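Engineer:
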Amino acid sequence: MAAAFYILMGGFIVWLVLRAEGRREARLRMPDARDEAINRLNARVRSLEEIVTDRDWRLRRDIDKL
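Remember, my numbering sits 80 above the position in the sequence shown when you count from 1.
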């Protein structure tokens with residue numbers, strides 16, 4: 081009886097570990113909405129930094145092109 085208990089407990093623990101790995105992989109594959117928002121904000125910051133650090137004449141030229 082004691083041996084059967086330990087075998088069942090070992091199997092249960094292995095099952096829990098495999099189940100947790102599957103969920104973790106599924107979470108990593110699914111893109112997070114926060115990551116997309118962060119990427120969009122990073123792009124906006126880069127463009128604003130370019131505007132701030134750009135030379136006057138280039139900024140005027142780009143605005144005139146619009």
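Glycine included, every Cβ here is placed at the ideal spot set by N, Cα and C. Predicted, not measured: the structure shown is a model, and the values here were computed from it.
(1) At the level of alpha carbons, what is the spacing between Val-97 and Arg-103?
(2) Using DSSP with H/G/I as helix, E/B as strand and the rest coil, what is Arg-103?
(3) Measuring straight from C-alpha to C-alpha, what distance separates Val-132 and Glu-116?
Structural biologist: Working from what's here:
(1) 10 Å
(2) helix
(3) 25 Å
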